[in-house]
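Visitor: Sequences listed follow chains A and B, in order.
Numbering that gives the first Met the number 0 puts the first sequence at residues 0 to 415.
Numbering that gives the first Met the number 0 puts the second sequence at residues 0 to 246.
The beta carbon of each residue, even a glycine, is placed where N, CA and C say it ideally should be.
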Amino acid sequence: MQMKLIFQLFLRASQLEKKRAALTVAAIAWGTVAILLLLAFGQGLKEQMMRGRRGMGENLAVIWPGETSQPWKGLPAGRPIRPIADDVAYIRSRLPDAEAVIGEIHNWGTTLTYGKKTVTGHVIGTNWEYGEIRNHVPQPGGRFFNPNDEREKRRVIFLGNQMAEDIFGKEDPVGKTLLVNDASYLVIGVMKPKLQMGNYAGPEDAHAVIPITTFVGQYSRQRLNNLVIKVRRPEQMAGMLERFMEALASRYRFDPTDAKVFGIWDTVRSSKIMANVTVGIQIFLGIIGGLTLLIGGIGVANIMYAVVKEKTREIGIQMALGARSSWITGPFLLQGLLYTFLGGAFGLLAALFLVILLSLAPTEGNRALEFLGKPTLSLPIGIATAAILGLIGLLAGYFPARRAAAVDPAQTLRYE
Amino acid sequence: MNWPLKKNGRNGNGYGGSHDAIIEMKAIRKVYDTGKVQVEALKGIDLRVAKGEFVAVVGPSGSGKSTLMNLVGCLDTPSDGEYYLAGEPVAGLDRDRLADVRNRRVGFIFQNFNLLPQISALENVEMPMLFGGLPKAERRAKAESLLERVGLRDRQDHKPTELSGGQMQRVAIARALAMGPDILLADEPTGNLDTTSGGDIMALFSELWDQGCTLIVVTHDPALAHRAARIVEIRDGLVTRDTASPA
Chain A
0 MQMKLIFQLF LRASQLEKKR AALTVAAIAW GTVAILLLLA FGQGLKEQMM
50 RGRRGMGENL AVIWPGETSQ PWKGLPAGRP IRPIADDVAY IRSRLPDAEA
100 VIGEIHNWGT TLTYGKKTVT GHVIGTNWEY GEIRNHVPQP GGRFFNPNDE
150 REKRRVIFLG NQMAEDIFGK EDPVGKTLLV NDASYLVIGV MKPKLQMGNY
200 AGPEDAHAVI PITTFVGQYS RQRLNNLVIK VRRPEQMAGM LERFMEALAS
250 RYRFDPTDAK VFGIWDTVRS SKIMANVTVG IQIFLGIIGG LTLLIGGIGV
300 ANIMYAVVKE KTREIGIQMA LGARSSWITG PFLLQGLLYT FLGGAFGLLA
350 ALFLVILLSL APTEGNRALE FLGKPTLSLP IGIATAAILG LIGLLAGYFP
400 ARRAAAVDPA QTLRYE
Chain B
0 MNWPLKKNGR NGNGYGGSHD AIIEMKAIRK VYDTGKVQVE ALKGIDLRVA
50 KGEFVAVVGP SGSGKSTLMN LVGCLDTPSD GEYYLAGEPV AGLDRDRLAD
100 VRNRRVGFIF QNFNLLPQIS ALENVEMPML FGGLPKAERR AKAESLLERV
150 GLRDRQDHKP TELSGGQMQR VAIARALAMG PDILLADEPT GNLDTTSGGD
200 IMALFSELWD QGCTLIVVTH DPALAHRAAR IVEIRDGLVT RDTASPA
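(1) Among the candidates B:VAL30, B:PHE112, B:LEU74, whose CA atom is the shortest distance from the CA of PRO159 of chain B?
(2) Is it buried or exposed for TRP29 of chain A, if we count other Cβ within 10 angstroms and need 16 for buried?
(3) Between the stretch 246-266 of chain A and the stretch 121-138 of chain A, can you find at least three pairs of beta-carbon atoms closer than 8 Å?
(4) Which chain B residues are close to GLU313 of chain A, counting only those with a beta carbon under 7 Å from its beta carbon?
(5) When the Cα atoms are used, what is the spatial distance from ASN12 of chain B to MET24 of chain B?
(6) If I follow the unbroken beta strand (DSSP E) through GLN37 of chain B, where does it start and stop?
(7) Over what stretch of residues does the beta strand (DSSP E) that includes ARG240 of chain B continue unbroken?
(8) Could you spell out where the beta strand (DSSP E) holding ASN218 of chain B opens and where it closes?
(9) Could you tell me the distance, in whole angstroms, from the CA atom of ARG148 of chain B to the CA atom of ALA173 of chain B?
(10) Do you know whose CA, among B:THR194, B:GLN117, B:MET68, B:GLU125, lies nearest ALA40 of chain B's CA?
(11) Among residues of its own chain, excluding the 5 on either side of LEU388 of chain A, which ones have a beta-carbon nearer than 6 Å to its beta-carbon?
(12) So ALA233 of chain B and VAL56 of chain B are in contact, right, with Cβ under 8 Å, and what is the actual spacing, rounded?
(13) Are the stretch 210-227 of chain A and the stretch 87-104 of chain A touching, with three or more C-beta to C-beta distances below 8 Å?
(14) Which residues, in chain order, does the stretch 163-189 of chain B contribute to contact with chain A at a C-beta distance below 8 Å?
(15) Can you pull out the residues from the stretch 376-391 of chain A whose beta carbon lies closer than 9 Å to at least one beta carbon of chain B?
(16) Could you please tell me which residues of the stretch 322-336 of chain A, in chain order, have their CB closer than 9 Å to any CB of chain B?
(17) Tell me, please, which residues DSSP counts as bridged to GLY120 of chain A.
(18) Would you say ILE355 of chain A and LYS229 of chain A are within 9 Å of each other, going by their C-beta atoms?
(19) Show which residues of chain B have a CB atom less than 7 Å away from the CB atom of LEU412 of chain A.
(20) For TRP264 of chain A, which beta-bridge partners are listed by DSSP?
(21) Alpha carbon to alpha carbon, what distance is there between GLY372 of chain A and TYR89 of chain A?
(22) Per DSSP, what are the beta-bridge partners of VAL57 of chain B in this structure?
(23) Pick out whichever of A:TRP71, A:PRO64, A:GLY73, A:LYS72 has its Cα sitting closest to the Cα of PRO82 of chain A.
(24) Which of the three DSSP states, helix, strand or coil, is assigned to PHE112 of chain B?
(25) Report yes or no: is there a C-beta of chain B within less than 9 Å of the C-beta of MET318 of chain A?
(26) Check whether the stretch 287-303 of chain A touches the stretch 388-406 of chain A, counting contact only when three or more Cβ pairs, one atom from each stretch, lie closer than 8 Å.
(27) Establish whether the CB of ALA20 of chain A and some CB of chain B are separated by less than 9 Å.
(28) Within 9 Å of any Cβ in chain A, is that where the Cβ of LEU84 of chain B sits?
(29) Measuring alpha carbon to alpha carbon, tell me which residue in B:GLU206, B:GLY164, B:LEU114 is nearest THR194 of chain B.
(30) Buried or exposed for ASN102 of chain B, going by 16 or more other Cβ atoms inside 10 Å?
(31) Kindly indicate the opening and closing residues of the alpha helix (DSSP H) around GLY198 of chain B.
(32) ALA409 of chain A versus chain B: which residues are under 7 Å apart at the beta carbon?
(33) Got a sec? Which residues, its chain only, sit under 8 Å from VAL54 of chain B by beta carbon, not counting five neighbours each side?
(34) Against chain A, which members of the stretch 200-230 of chain B pass a CB distance test of less than 7 Å?
(35) Please report the distance separating the alpha-carbon of LEU357 of chain A from that of ILE272 of chain A.
(36) Do you know offhand how far PRO116 of chain B's Cα is from LEU145 of chain B's?
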């Protein structure tokens with residue numbers, strides 16, 4: 000009975016105020032569009048960053064050599080520690096539970112010649128596991144090098160997609176012979192273009208990779224520029240790095256707690272930080288959107304305050320005729336909720352329309368847009384927005400309704 | 000008829016009011032706290048009104064008669080004292096209970112009519128029955144017969160702004176009668192009306208009284224006061240005179 004009565008009273012009241020109601024609904028709709036789009040962009044950015052992080056590979060630690068900073072067992076500080084290609088096998092034996100341990104030797108300024116075309120580029124000698132853990136996925140028709148290539152020191156080369164385009168243009172490089180510092184190599188694969196945020200030796204689409212054994216044979220260099228360790232689960236990383244330090248400390252004789260011996264980029268830690276940053280960005284965007292919505296809500300409350308003020312006398316009359324306070328407040332609460340709900344619904348439709356429109360827009364080739372990702376509306380975003388809308392609607396109705404209920408009929412009825 | 004005022008208002012049956020007393024007020028005080036100053040609007044009113052009486056409440060402005068009317072109509076609660084409306088104690092009720100009492104027991108008639116401007120005369124008359132929880136068909140039928148009774152059946156779909164002052168007041172009277180109240184409480188009902196319309200309204204009041212309604216009218220209008228059987232005069236928050244009408 001009560002709800003029905005409140006609803007009847009509400010219907011009676013909402014016949015009026017159409018223009019105001021429309022403006023209010025528009026304000027809420029605008030706020031909803033703002034919050035939804037901001038959150039959608041945040042989500043798109045987050046997904047893009049996650050994809051970018053995966054581009055280099057996950058659960059990696061990248062290690063590069065440095066110098067000791069502590070004297071150790073009679074040896075002075077300041078000794079450079081330089082692991083060599085053969086140490087990889089040793090490290091693997093000491094870290095059997097690591098998913099992969101690989102070494103890299105880099106050669107910048109390498110000349111790569113095909114026919115009359117010569118480019119200068121970056122060539123890396125590394126173990127065959129590199130392809131998998133560093134996400135060098137071959138384009139169809141090609142492959143990364145395998146254990147046999149590495150064992151037999153084959154002259155095979157895997158090209159980054161940008162380098163392949165620089166050298167071969169539109170031609171298919173796979174199966175072609177390429178001169179690398181005047182030694183001929185067979186191109187066995189080209190990397191699939193990938194989104195990548197973060198690298199440690201220049202852009203990966205512009206380098207080429209060869210088996211480490213082949214590299215050592217051609218350049219007679221043993222010293223590693225990088226070691227890369229991949230763990231199976233992120234939480235293994237910290238312990239793994241400690242044991243890595245101990246393993247090399249016993250071989251090269253340095254203090255295993257000396258942090259200057261190796262530079263270490265622990266992507267597990269940095270991706271945790273990154274995840275926090277993206278959450279932070281999303282919260283920030285959400286707050287901005289929420290504030291926009293709040294302004295809409297204040298608009299609703301404001302209009303309803305005006306309605307309460309204008310209707311003070313009518314409220315007083317209704318009270319004198321026996322209306323309970325909830326019959327006075329109920330219609331106002333409903334009105335606040337209805338405006339917010341309608342605004343929210345229109346806003347959602349508009350935001351959906353815009354997101355679909357944006358997802359149709361081409362981002363290919365535009366780095367900024369590619370980095371931004373596609374705005375994505377997700378269920379949590381919808382739920383969060385609905386919750387904020389509901390709260391704002393209730394508040395926008397509650398405060399004016401409270402004022403309405405506080406009307407003193409004895410005061411309002413007597414005088415004009 | 001002359002109801003002698005009992006000084007302390009007790010009637011000895013210990014029930015709060017005799018069976019035919021509609022209004023039983025004992026030592027009613029009302030103090031308005033305006034921050035620094037406390038204004039004592041009513042200083043101890045004893046008032047008893049029996050079923051079927053027609054009482055005029057008179058007094059200069061500022062005498063406290065408006066305050067008294069608010070208390071009688073349950074729009075406000077006394078600071079002190081006892082008030083039984085149709086045998087029911089009202090002094091300590093909360094806002095919603097007071098609203099129910101007003102709905103069932105009190106029909107208000109105001110100087111400025113206080114009709115809701117956006118709805119028709121018929122819907123105005125239906126309003127108290129809406130709050131009283133009557134089903135739609137019953138509301139409609141009763142509102143129509145009430146408008147018939149005040150002679151406005153042909154104007155039932157007009158908005159208040161389309162009616163004359165006298166017609167608005169008759170709609171207001173129909174509305175006041177809607178829930179079959181124990182008392183009709185009128186505050187200067189002819190104050191905003193010309194002499195002819197005022198006369199019509201007074202005639203209607205007399206008619207209602209004849210039909211058994213209990214009427215309490217606050218008025219400055221001697222013509223209206225003299226239609227009442229009893230005149231209660233309020234001065235400085237006290238009942239100073241309570242007599243049968245000289246008429």
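Guide: Reading off the structure:
(1) Stepping through the second sequence from its first residue, residue 159 of chain B is reached at position 160. Among B:VAL30, B:PHE112, B:LEU74, the Cα nearest to that of PRO159 of chain B is on B:PHE112.
(2) As a first step, residue 29 of chain A is located in the first sequence; it is residue number 30 there, counting from the start. With 16 or more Cβ atoms within 10 Å of its Cβ, TRP29 of chain A is classed as buried.
(3) no
(4) Counted from its first residue, the first sequence places residue 313 of chain A at position 314. Within chain B, the residues near GLU313 of chain A are LEU115.
(5) Here residue 12 of chain B is taken as the residue at index 13 of the second sequence, counted from 1. Here residue 24 of chain B is taken as the residue at index 25 of the second sequence, counted from 1. Legend: pLDDT at ASN12 of chain B = 39, less than 50; position of this residue unreliable, value from coordinates given subsequently. Each residue's alpha carbon lies about 15 Å from the other.
(6) Within the second sequence, the letter at position 38 stands for residue 37 of chain B. It spans 36-49 - the beta strand (DSSP E) in which GLN37 of chain B sits, taken as one unbroken run.
(7) Stepping through the second sequence from its first residue, residue 240 of chain B is reached at position 241. Segment 237-243, the beta strand (DSSP E) holding ARG240 of chain B.
(8) Locating residue 218 of chain B in the second sequence gives position 219, counting from the first residue. Per the sequence presented here, residue 218 of chain B reads as Thr, with Asn not at that position. Premise fails: THR218 of chain B is in no beta strand (DSSP E) and is neither H nor E.
(9) Residue mapping note: residue 148 of chain B aligns to position 149 of the second sequence, counting from 1. Residue mapping note: residue 173 of chain B aligns to position 174 of the second sequence, counting from 1. The straight-line gap from Cα to Cα measures roughly 8 Å.
(10) Translated into positions along the second sequence, residue 40 of chain B becomes position 41. When each option's Cα is compared against that of ALA40 of chain B, the closest is B:MET68.
(11) As a position in the first sequence, residue 388 of chain A is number 389, starting the count at 1. THR339, GLY343, listed in sequence order.
(12) By 1-based counting over the second sequence, the position of residue 233 of chain B is 234. By 1-based counting over the second sequence, the position of residue 56 of chain B is 57. Strictly speaking, residue 233 of chain B in this sequence is Ile, with Ala absent from that position. At roughly 6 Å, the Cβ-Cβ gap stays under 8 Å, so ILE233 of chain B and VAL56 of chain B are in contact.
(13) yes
(14) ARG174, MET178, ASP186
(15) none
(16) ALA322, ARG323, SER324, SER325, TRP326
(17) Along the first sequence, read from residue 1 onward, the residue named residue 120 of chain A stands at position 121. BP columns for GLY120 of chain A point to A:THR109.
(18) Sequence index remark: in the first sequence, residue 355 of chain A carries index 356 (1-based). Sequence index remark: in the first sequence, residue 229 of chain A carries index 230 (1-based). Result no, Cβ atoms of ILE355 of chain A and LYS229 of chain A do not sit closer than 9 Å.
(19) Within the first sequence, residue 412 of chain A is the residue found at index 413, counting from 1. Those are PHE109, ASN113, listed as they occur along chain B.
(20) By 1-based counting over the first sequence, the position of residue 264 of chain A is 265. Paired residues: A:VAL61.
(21) Residue numbering aside, residue 89 of chain A sits at position 90 when the first sequence is read from its first letter. Residue numbering aside, residue 372 of chain A sits at position 373 when the first sequence is read from its first letter. Near 42 Å, if we compare the C-alpha coordinates of GLY372 of chain A and TYR89 of chain A.
(22) As a position in the second sequence, residue 57 of chain B is number 58, starting the count at 1. In DSSP, VAL57 of chain B forms a bridge with B:GLU232.
(23) Taking the first residue of the first sequence as 1, we reach residue 82 of chain A at position 83. Ranking the options by Cα distance to PRO82 of chain A, first place goes to A:PRO64.
(24) Counting from one through the second sequence, the residue named residue 112 of chain B turns up at place 113. Three-state result, PHE112 of chain B: coil.
(25) Your numbering for residue 318 of chain A matches position 319 in the first sequence. Yes, its Cβ sits closer than 9 Å to a Cβ of chain B.
(26) yes
(27) In the first sequence, residue 20 of chain A corresponds to position 21, counting from 1. So no, ALA20 of chain A is outside the interface.
(28) Residue mapping note: residue 84 of chain B aligns to position 85 of the second sequence, counting from 1. Closer than 9 Å: no.
(29) Mapped onto the second sequence, residue 194 of chain B falls at position 195. Checking every option, the nearest Cα to that of THR194 of chain B belongs to B:GLY164.
(30) The sequence position of residue 102 of chain B within the second sequence is 103, counting from 1. It is buried - the Cβ of ASN102 of chain B has at least 16 other Cβ atoms within 10 Å.
(31) Here residue 198 of chain B refers to the residue found at position 199 of the second sequence. Looking at the DSSP string, the run of the alpha helix (DSSP H) that includes GLY198 of chain B is 194-209.
(32) The residue labelled residue 409 of chain A in the question sits at position 410 within the first sequence. Those within 7 Å of ALA409 of chain A in chain B are ASN69, LEU74, ASP75.
(33) For the purposes of this step, residue 54 of chain B is identified with residue 55 of the second sequence, where counting begins at 1. Taken in chain order, the residues that qualify are VAL48, LEU214, ILE215, VAL216, ALA227, ALA228, ARG229, ILE230, VAL231.
(34) none
(35) Counting from 1 along the first sequence, the entry for residue 357 of chain A is found at position 358. Counting from 1 along the first sequence, the entry for residue 272 of chain A is found at position 273. Cα to Cα, LEU357 of chain A sits roughly 29 Å from ILE272 of chain A.
(36) Within the second sequence, the letter at position 117 stands for residue 116 of chain B. Within the second sequence, the letter at position 146 stands for residue 145 of chain B. Distance between the alpha carbons of PRO116 of chain B and LEU145 of chain B is about 19 Å.
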